[in-house]
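Residue numbers for the sequence shown follow this note's numbering, beginning at 27 and rising by one.
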Amino acid sequence: MKAVYSDKHRSHDPQFFLVRGQVRRTTEQPERADRLLKGLHDGRHTLVEPGDFGQGPRARVHSPDYLRFLEGAWEEWTQLPDYGPEMIANFHPNRVAGSYPSHIIGKLGWHTADTACPIGVGTWAGACASTDVAVTAAQLVMDGEDAAYALCRPPGHHSYRDMAGGFCFMNNSAIAAEHLRLKHERVAILDVDVHHGNGTQGIFYARSDVLTVSIHADPQSYYPFVWGYAHERGEGNGLGANLNIPLPIGTGDDGFVDAIGVAAKTIRSFAPTALVLALGLDASEHDPLAALKVTTAGFHRIGAAVARMGLPTVIVQEGGYLSDILGANLTSTLKGFEAAR
Ligand code: ZN
């Protein structure tokens, strides 16, 4: 399987975020990509440089206001007399009867869902490179590859049409799905990150042409807390085109693979002609977040179960944090996928 990668992710190097009231070093670091890249080398995947697709694919998913904000955020921020080293909002308006703000601090609050998406000098460039990586993988599949992998960093699945959150700025999986839609009438996204893919769900919630399925740790006790429940089934035209499968904390390989079986049934009945696998590896038993207990062998089974759906597949990297086994879990997932094709 070809794997798309660019060094440009390095310009996004966030230093801290706020968690449980404490300032902590962020876990979404450039070294993640180094470890994932080692996993690709170990799996002998052919590396492909991304193309430059410009703003078009981003603009099919994200709002003009939001893209303008992200692009110009750092420059506006550094015109404040007492700006800090990274942009983190000091308020998050709830948007009830609100007006779009003109001040950078207002816009920062408007466009960020939480304190885990600090914006620095190189965030826009890194996030743009990440969407290009995703679109290039989608284009490879549209051009006839059976599957392609996109090493996206920063990740994307917590970002909404006009809002960043949870280390994510632009929704790479959604952007890949929209790109596939240029050729495919119906596309499914299966998100196996340990966190619910709330941004992806939000983007397609009222759409009947893109099915969103997410398997994740139970949001009753896990981020993102207010989305990811089984009763969220979509709205309007999209009613029935969203499926959430929350798993109890501590679920291991068997429970996760069973959930993929449930997802596969829904995906089959939706009858898409292409699939995006939003591949978080943070369901690992060794992930620092440690909510679920998937083993390296379990990721092989997950890859195989997804491959057996028989759809042209774009695999987009989402979460998965620093552990000694991060690269091996990627190698194992992709090997499992290839073995079942
Ligand atoms: Zn995650």
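Heads up, the beta-carbon is just placed ideally off N, CA and C, and yes, glycines get one too.
Item to check | Assigned secondary structure, L318 (DSSP; H/G/I helix, E/B strand, else coil) | outcome: coil
Notebook entry, point to check: Should A123 be labelled buried (16 or more other beta-carbon atoms within 10 Å of its own) or exposed?
Noted result: exposed
ask   = For the alpha helix (DSSP H) that contains Q165, what are its first and last residues?
value = 149-168
For D217, which beta-bridge partners are listed by DSSP? S240, A304
* To do: For G329, count neighbouring C-beta atoms within 10 Å of its own C-beta (all shown protein chains included) and say buried if the count is 16 or more, exposed if not.
  => buried
Ordered along the chain, which non-local residues of its own chain (more than five positions away) have a Cβ less than 6 Å from that of M189?
-> H137, A139
Taking 7 Å as the limit, name every residue whose beta carbon sits nearer than that to some heavy atom of the ligand ZN, in sequence order. D219, V220, H221, G306, D308, E344, G345
Segments of 3+ residues assigned as beta strand (DSSP E) that fall wholly inside the region 239-303: 268-273
Query raised in the report: Which of the three DSSP states, helix, strand or coil, is assigned to G146?
Result: coil
message = Between the alpha carbons of L10 and L269, how many angstroms are there, rounded?
response = This structure leaves residue 10 out entirely; the chain is present only between 27 and 367.
Secondary structure at S199, three-state DSSP: helix, strand or coil? helix
Q) Would you call the region 190-201 and the region 213-226 touching, i.e. three or more CB-CB distances under 8 Å? A) yes
Taking just the CA atoms, how far does A290 sit from T298?
As written in the sequence, residue 298 is Pro, which differs from the Thr given in the question. Each residue's alpha carbon lies about 11 Å from the other.
Self-check item: Where the alpha helix (DSSP H) through I131 begins and ends
Solution: 130-136
| task | Can you have a look at L62 and say buried or exposed, based on whether 16 or more other CB atoms are within 10 angstroms of its CB? | result | buried
Discussion item. Using a Cβ-Cβ cutoff of less than 7 Å, which residues in the same chain neighbour K133 once the five nearest sequence positions on both sides are dropped?
Written reply: F95, P127
Is any heavy atom in the ligand COA found nearer than 6 Å to the beta carbon of F325? Questions concerning the ligand COA fall outside what the structure shown contains, since the ligands it does hold are the ligand ZN.
Rounded to the nearest angstrom, what separates L318 and R187 at their Cα positions? 28 Å
* Between the Cα of R84 and the Cα atoms of T72, P314, V159, D108, which residue gives the shortest distance? -> V159
Given G324, which residues of its chain have a CB within under 8 Å of its CB, disregarding the five upstream and five downstream residues?
-> G278, D279, F282, V283
Three or more C-beta pairs under 8 Å: does that hold for the region 172-186 against the region 199-212?
yes
- Task: Give, in chain order, every unbroken run of the alpha helix (DSSP H) that is at least 4 residues long and sits entirely within the region 49-108.
- Result: 56-68, 82-85, 90-103
DSSP three-state label for Q343, please. strand
Taking a contact to mean a Cβ-Cβ separation below 7 Å, would you say G264 touches Y231 in this structure? yes
### Identity of the residue in V218, P338, R70 nearest I241 by Cα
V218
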